Amino acid sequence: MDMVTLLKLLQDGYFPRELPPPFTTSSFASFVDKNYTSFVHNISTTGCSVNASTSGHNISRVGILRRKLDIPNPITQFLLCNEIVKNWSSIDKHLNKSSISASRPVFIMSSTRALSPICHPRMFSSLRAKYRAGAKYVLETDIENFYHSIYTHSISWAIDMESKVKKNWKDMSLLGNRLDQLIRNCQDSQSAGIPIGPDTSLLLAEILLTAADESIEVEFGPLKGFRHVDDYELCFSNLSDAEKALRLIESTLSDFDLDLNPKKTRIEKLPLPLEDYWATELKLFELRLKTREQERDLISYFSRAFELAKENPNDYVLKYAIPKLRSRQIEFDNWSLLQSLLLQCLNNEPGTIPYVLEQYVRYYDIGYPIANDQLEETLNSQIKYHAPLGHGSEVAWSLWGAIAFQIMLDSDSASAVSQMEDSIVALLALDAEQRNLFPSSIDTDLWERYMNREDLYGDQWLLSYEANVKGWIPSVGGRDHVFMDSYFSHLKRNGVHFYDESQAARIIPSATLPMPSGYCI
């Protein structure tokens, strides 16, 4: 495998893929690449002591729970990525020790991300077929609250010998200790959990679980099956071996202060389906080409998708159903029908909004008209419902949809977004305002308090920096707080930005819209 580059890690592996298109780290990565020596020199006096918070953003999950994403400060994220790149050979050697990992990070220059799991979800059914051959039982389990439960010191234990690290936890000649320190610096010195969203999240998780895999196989012997991040699917010829493996996994993970999820832990007798029945059914559904036949097929397809979503409330049924349309061309006369069906998906499963807008972009670009009244009503409704609940992703994508299609947002939507402490939402709202998409100026009182030097390292660092660079909100006290900071002034003077207004056009990069994990078309 090729060695990961710092440019790729900062350009394509820094911001979470779930953010709307305007959020980019390309100029930051380019700046670091071209000015590496001077940038390193600029922060060399403090090095590992630079400490900052992550900027938070949350996305929907099936059910009522949310997933929190983290956007680390660019200074601390650079330091972490730089350490990883400098020690890539050692890290990659460690990662290759697991014989069951289907999520070992690999670097592929042509990929839209810096690091990707070695096995794509489309391979899971084939892997199950392969490993279940000759087996009678399958053990399925995962780690409870995995990323948030990781103890950063345990990454030190994993990459270096545990006893060695525990006796020398201040020894910065050890790679594990350096990574531990840099991870904590990314999250305001917290040792509980790791930032979720950057590609470094996958890498750090794999460092830890590779050590666990190796330890389990030393005790049990070679395992048959695979692990994808924290999800295990292991196959056995008898029940006693499956039970023994479960005990070993549980005890080994406890050494790293991790616990199995009892609700998702089971040993079942084979045979079992290789994929969820609803995914199989939707995958096989065909849409005919003729207009009237296609109309009936669309109605039947979405009717069944809605029914399956209701039967499987804990699965991403509608998130799976909509991207299936990527490979189909809907006839012009059926576009109005499809818009109504897509908006019904959006209203019933809010996490589908990026996939819905993707379809709108696709058909608008080939000349299909947009039902603006329908879309305006839906986007405003989404904002007014989700903003008071603090649902960042739904509000952010609704704002982006309004910007992309020049949809007017009403005064109630303006009032709702102005109360959200979410940098992603705030920057999109400020962009929408300068495009005159609100009936009047939005209230920025809440956001203005972050326009100071201290908050460049707080949990609203992205708003504090970018709103200054764009000239959207003045600094507290009048003096330019970004220019007052030795690190961020260097970025501003070199044209670094993290919000690209030109990408607020009707563009949805493919990296933004992955298929839900575990499924494929």
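End of the sequence shown sits at 580 in the working numbering; the numbers just go up one at a time, nothing left out.
Positions of the beta carbon are idealized from the N, C-alpha and C atoms, including for glycine.
Model, not experiment: these values are computed from the prediction.
For Ala-304 and Gly-252, the gap between their C-alpha atoms comes out near 26 angstroms. Here DSSP, grouped into helix, strand and coil, assigns Thr-211 to helix. With the rule of 3 Cβ pairs closer than 8 angstroms, the stretch 319-329 does not count as touching the stretch 154-172. In the three-state reduction of the DSSP assignment, Glu-345 falls in the coil class, being assigned neither a helical nor a strand state.
The beta carbon of Ile-266 is closer than 6 angstroms to those of Ile-214, Ala-217, Ile-218 in its chain, skipping five residues each way along the sequence.
Under DSSP, no beta-bridge partner is assigned to Ser-185. Looking at the backbone, the Cα of Gly-554 and that of Ile-150 are separated by about 33 angstroms.
Each residue's CA atom was taken as its position, placing Asn-406 and Arg-363 some 17 angstroms apart. Put simply, of Asp-289, Gly-536, Ser-274 the residue whose alpha carbon is nearest the alpha carbon of Thr-200 is Asp-289. Counting only runs of 4+ residues, the alpha helix (DSSP H) found wholly inside the stretch 136-172 occupies 147-154, in chain order. Note on geometry: alpha-carbon atoms of Ser-185 and His-540 lie some 55 angstroms from one another. For Asn-117, the enclosing beta strand (DSSP E) has its first and last residue at 114-119. When Cβ pairs closer than 8 angstroms are counted between the two stretches, the stretch 505-513 is seen not to touch the stretch 123-141, the count staying below three. With distances taken between CA atoms, Arg-237 lies nearest to Asn-141 out of Tyr-422, Asn-141, Ser-274. Collapsing the DSSP output to three states places Thr-200 in a strand. Take Ala-270, set aside five residues on each side of it, and the residues of its chain with a beta-carbon closer than 6 angstroms to its own are Ala-217, in chain order.
With at least 16 other beta carbons inside 10 angstroms of its own, Glu-525 counts as buried.
Within the stretch 247-321, the runs of alpha helix (DSSP H) that reach at least 4 residues and sit entirely inside it are, in chain order, 258-279, 298-314. With a beta-carbon spacing of about 4 angstroms, Ser-482 and Leu-521 fall inside the 8 angstroms limit used to define contacts. Residue pairing by DSSP places Pro-176 opposite Pro-164 in a beta bridge. DSSP, read as helix, strand or coil, puts Leu-65 in helix. Sorting Leu-282, Gln-249, Gln-136, Leu-317 by C-alpha distance to the C-alpha of Asn-204 places Leu-317 at the top. Within 10 angstroms of the beta-carbon of Asp-392 lie fewer than 16 other beta-carbons, which makes it exposed.
DSSP, read as helix, strand or coil, puts Glu-334 in coil.
Shortest Cα-Cα distance from Pro-75 to any of Ser-561, Ile-255, Gly-460, Leu-312 involves Ile-255. Within the model, the alpha-carbon separation for Leu-298 versus Arg-306 is close to 13 angstroms. Counting C-beta atoms within 10 angstroms of its own C-beta, His-450 has 16 or more neighbours from the protein chains shown and is therefore classed as buried. Within the same chain, Ser-157, Ile-159 come within 6 angstroms of Asp-272 by CB-CB distance, once the 5 residues on both sides are set aside. Beta-bridge partners assigned by DSSP to Leu-128: His-116. DSSP places Ile-483 inside the alpha helix (DSSP H), whose first and last residues are 482-493. Annotation: the continuous beta strand (DSSP E) that includes Ile-326 extends over 325-328. DSSP places Phe-74 in the coil class of the three-state scheme, outside both helix and strand. Relative to the Cα of Val-91, the nearest Cα in the group Arg-120, Pro-133, Leu-78, Asp-129 belongs to Pro-133. Between Leu-341 and Tyr-379, the C-beta spacing is below 8 angstroms. DSSP, reduced to helix, strand and coil, places Phe-497 outside both helices and strands of the structure shown, so it counts as coil. Residue pairing by DSSP puts Tyr-558 in a beta bridge opposite Phe-82.
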